[in-house]
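Protein sequence lines, in the order shown, are assigned to chains A and B. The number in our numbering is simply the position in the first sequence, starting from 1, with 205 added. The number in our numbering is simply the position in the second sequence, starting from 1, with 205 added. Where a beta carbon is used, it is the ideal one built from N, C-alpha and C, also for glycine. The structure appears right after this line, and notes come after that.
Protein chains: 2
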Amino acid sequence: MSVLVVGSVALDTVKTPFGEVKEALGGSATYFALSANHYTPVSMVAVVGSDFPKKHLDIFKKKRIDTRGLEIGKGKTFRWKGYYEYDLNQAHTQKTELNVFRAFRPKIPKEYEKIEYIFLANIDPQLQLSVLKQIKRPKLVLCDTMNYWIEKKRRELLLILKEVDILLLNDSEARELTGKHSLFKASRRILRMGPRITIIKKGEHGALMWSENFHFAIPGYPLEDINDPTGAGDSFAGGFLGFLAYTGDLSEENMRKAMVFGSVMASYNVEDFSIKRLERLKDKEIIERYREFKRMTHFEDLNKGAIE
Amino acid sequence: MSVLVVGSVALDTVKTPFGEVKEALGGSATYFALSANHYTPVSMVAVVGSDFPKKHLDIFKKKRIDTRGLEIGKGKTFRWKGYYEYDLNQAHTQKTELNVFRAFRPKIPKEYEKIEYIFLANIDPQLQLSVLKQIKRPKLVLCDTMNYWIEKKRRELLLILKEVDILLLNDSEARELTGKHSLFKASRRILRMGPRITIIKKGEHGALMWSENFHFAIPGYPLEDINDPTGAGDSFAGGFLGFLAYTGDLSEENMRKAMVFGSVMASYNVEDFSIKRLERLKDKEIIERYREFKRMTHFEDLNKGAIE
């Protein structure tokens, strides 16, 4: 089954200790789409400007991402400029030019209305709410957010949280949203705000998934080289939701697998700048890293009576 | 089989956002011993001053820790004063009074010479070397260190690394020792320095174990409350080596289990100040948390052909 992402398509200028790119293809919808499309068809709602390079549109086309919901606005494409130091969990923003993104009002094409797996990438919670009003009975809504909305649009954010199944956010955002330092307490608090599952991303330190019934934790995949962490969270979301939509199975066991696929996609994405690694990624490599993840984290349970 | 620890016994004055203690029982040998003795008999080599409170000696006695190697020196006991802010991975030292620890020259009692499982806690690598000269054919030597020795006694540290089986250190120490930011690269570099296994502790973010043949990663155990991180690393070492000595099994499978027991002990230790939690910890609780760790981290491997 296909997935729908509503988010940003951007031109990113990024510098890390390992290199830099100028006006490279980026944005939450981009990373999500290029990750999820390894699993299942992806439809995209976003906006770019009239200056958006054709070569980037060609990437979407080549990857058979459905861009009927990608609006070409009057004006320039959203641009982000930032850098990372050795702490690759921390992005430093130098410049954000919203451009056409400022007036973005997501319009869901008729053909997308029945898509059942939805990713509301990190945009204004008011716009996230407007998306849900245009969708018919989704099976699963995954929602991302960021500190800016937690601070500036808390009321709207709390409204959208009542409507989504899973909230995806990073550790500092979880702490800011809940006022709880312990991620254990923060997760529990978020579940009371609406979502039945919370996923907390911890960058290179892995991720946690929390529900009333179970907790799941995975470490980060230890990488030889991390070149550019941009888009790791959205690549994670793409692997996670893409796998769930592909299998149509929302059992706890399958959710745990989806977390691993999410981590696999994020771990590949950060190996190169922009979407380069996702673009050339082979399905075989996904399977290989999943299995390596399993080998790397596996340990035996205790037999009855052990050390007792 | 029993384990031997050579390290410090100290009086710690510690403040965290959640409380404080004054001149509480601490030190690497103390935390290790009170953790490992849940698994196997522990013998200790350390030094305290003539001011060392009898109530602390009584704790060792009550826990049946063999203190024939605990010297009572002329002078005052080693004292450490420090605090933690919300980033509990980072200890801030306010005062270190070495006192009798300054002249500490570990003497291994005749009765200890044949102990086969050795923990060289974080002391001067020259002293660590002198310990190994006094021991007969150990089966496993686990060695800790810290930034101070990496900077001040690098030559001696490199000598001891050639003699130990496992080096245990935290992420920033691994980076400093090897000059490699990637923990993947740092681990590989350490293996070339001598140890056949490296364990990198990442505090609340879990731990990695690395050898030529396998990699193992576990996330941190998500805790509702962390009150005092002091001694987490030595509690980890106690669970890890205590379990290995108890089972006498150095297979990869058992090493993985030992990592989980180490994490369980560290996760309990940080729930209360000083050694209070380890002191009242029940074996049943260790088993419970191990099993919870398994439930929390488990996911199914892929069947042949999945998504392929």
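Three-state secondary structure assigned by DSSP to residue i
| i | result |
| --- | --- |
| A/E513 | For A/E513, the pLDDT reaches just 45, beneath the cut-off of 50, and the residue's location in the model is therefore unreliable, leaving the point undetermined. |
| A/L507 | coil |
| A/I480 | coil |
| A/L303 | coil |
| B/M351 | coil |
| B/S440 | helix |
| B/N375 | strand |
| A/M414 | strand |
| B/L293 | coil |
| A/A308 | helix |
| B/M501 | helix |
| B/M464 | helix |
| B/H420 | strand |
| A/M249 | strand |
| B/T435 | coil |
| A/I340 | coil |
| A/A263 | The residue asked about is misnamed: residue 263 of chain A is Asp in this sequence, not Ala. Three-state result, A/D263: helix. |
| B/R496 | helix |
| A/G384 | coil |
| A/D271 | strand |
| A/G408 | helix |
| B/I313 | coil |
| B/S456 | coil |
| B/N327 | coil |
Proximal residues to residue i (C-beta, below 6 Å), its chain only, five neighbours per side dropped
| i | result |
| --- | --- |
| A/I365 | P330, Q333, L334 |
| A/G436 | Y236, N474 |
| B/K339 | Here the sequence assigns Gln to residue 339 of chain B, which means Lys is not the residue at that position. Cβ within range, chain order: I313. |
| B/A422 | L413 |
| B/L275 | M249, A251 |
| A/A215 | G231, G232, F283, W285 |
| B/E409 | G425 |
| B/T272 | M249, F265 |
| A/K407 | D376 |
8 Å CB neighbourhood of residue i in its chain, flanking five on each side removed
| i | result |
| --- | --- |
| A/A238 | V210, V247, M249, F265, K268, I270, G443 |
| B/E195 | Examination of residue 195 of chain B is not possible in this model, given that chain B is present from 206 through 513 alone. |
| A/M460 | I402, M414, F421, L449 |
| B/A326 | V210, V211, G212, S213, S233, A234, F237, D349, D439, A442 |
| A/V226 | D217, T218, V219, D433, F478, S479 |
| B/E368 | L334, L337, V346, G399 |
| A/E476 | L428, D430, I431, N432, R482 |
Of the listed residues the options, nearest to residue i (C-alpha basis)
| i | options | result |
| --- | --- | --- |
| A/Y426 | A/D477, A/R494, A/V369 | A/R494 |
| B/D506 | A/L507, A/H503, A/N508 | A/H503 |
| B/V465 | B/F478, B/E476, B/S479, B/F448 | B/F448 |
| B/N294 | B/P400, B/N375, B/N459 | B/N375 |
| B/L347 | B/R360, B/L337, B/K357, B/I323 | B/I323 |
| A/Y289 | A/I404, A/F223, A/I395 | A/F223 |
| A/V253 | A/R273, A/T221, A/F306 | A/F306 |
| B/R359 | B/E381, B/S468, B/A391, B/K344 | B/E381 |
| A/P311 | A/E457, A/G399, A/R342, A/G278 | A/G278 |
| A/Q299 | A/Y291, A/F309, A/G287 | A/G287 |
| B/N304 | B/G280, B/K315, B/E316, B/S468 | B/G280 |
Exposure of residue i, with buried meaning 16 or more beta-carbon neighbours within 10 Å
| i | result |
| --- | --- |
| A/F419 | exposed |
| A/T301 | exposed |
| A/M515 | An answer regarding residue 515 of chain A cannot be provided, because it is not within the stretch 206 to 513 covered by chain A. |
| B/A241 | buried |
| B/R397 | exposed |
| B/K462 | buried |
| B/S482 | Note on identity: in this sequence residue 482 of chain B is Arg, with Ser being the wrong assignment. When all chains shown are included, B/R482 counts as buried. |
| A/E513 | With a pLDDT of 45 at A/E513, under the threshold of 50, the predicted position of this residue should be treated as unreliable, and no value is reported. |
| A/P258 | exposed |
| A/S255 | exposed |
| B/G530 | No answer is possible for residue 530 of chain B: the residues shown for chain B start at 206 and end at 513. |
| A/H297 | exposed |
| A/A308 | exposed |
Identified DSSP bridge partners for residue i
| i | result |
| --- | --- |
| A/R284 | A/L216, A/E302 |
| A/D430 | DSSP lists no partner for A/D430. |
| A/V369 | A/V369 is not bridged to any residue. |
| A/A229 | A/D217 |
| A/Y322 | A/V208, A/L345 |
| A/E276 | A/V252 |
| A/I402 | A/I371, A/S416 |
| A/G224 | A/T221 |
Cut-off 7 Å between Cβ atoms - residues of its own chain near residue i, not counting five sequence neighbours on either side
| i | result |
| --- | --- |
| B/W354 | D329, P330, L362 |
| B/E378 | T350, M351, N352, I355 |
| A/T245 | M206, S207, V208, G447, A450, Y451 |
| A/M501 | none |
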